[in-house]
Structures are given as structure tokens and as C-alpha cells.
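Under this note's numbering, the first residue of the sequence shown is numbered 368, with each subsequent residue one higher. Here the structure is laid out as C-alpha cells; the discussion comes afterwards.
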Amino acid sequence: MADLADLAKEREEANREAALAAFRARARPTGESAYFCRSCGERIPDERRAAVPGTNHCTFCAQQITAASPHSIR
Ligand SMILES: [Zn+2]
């Protein structure tokens, strides 16, 4: 018979996993990536579109945005 501490630990781990999954879902939007960069209008390479689902920026602009604001979009 599992004691109360084990049950509490299991529950806590399940809650943490669910919270992390929800956080990841918000932080990493999925879906169709843009074909053209929202910042500069350049075509976003297919490799990047596949590697970063939901991206709206080319690699260069994403780096500029990230450098300017670490918590900004990709
Ligand atoms: Zn760009």
C-alpha cells in the first residue's frame, strides 16, 4: 500500500508536468510558419519553417529580435 507521501509526490509530479506542458504550448506556438519574414519581407527558407514551427521571421531578423529583447518572439 502506497503511503500518503508517495501519493502526494505522484500528484505533484503530474501537476507539474501538466503545467509545463501548458507553458510550452503557449511559449512555442505551433501551426503553419510564415512564408515571408514579417520584419524584412524576405522569404523564410523551408528548412527554417520546418525547424521552427509557427515562426514569422527569417533567421536574421529572429536573431535581431532576440538580441534586442530576450523574451520576445522568435
Ligand atoms: Zn527577416
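Glycine included, every Cβ here is placed at the ideal spot set by N, Cα and C. For clarity, every value in this text was computed on a predicted model and none was experimentally measured.
Can you tell me the Cα-Cα spacing of Arg-405 and Ala-372, whole angstroms?
In a straight line, the C-alpha of Arg-405 is about 51 Å away from that of Ala-372.
Compare the C-alpha of Arg-416 against each of Ala-389, Glu-379 and Thr-426 and name the closest.
In terms of Cα proximity to Arg-416, the closest of Ala-389, Glu-379 and Thr-426 is Thr-426.
How would you call Ser-436, buried or exposed, if buried means at least 16 neighbouring beta carbons within 10 angstroms?
Per the 10 Å Cβ criterion, exposed.
Gln-431 to Ala-385 span [Cα, whole Å]:
Whole-angstrom Cα-Cα distance: 32 Å.
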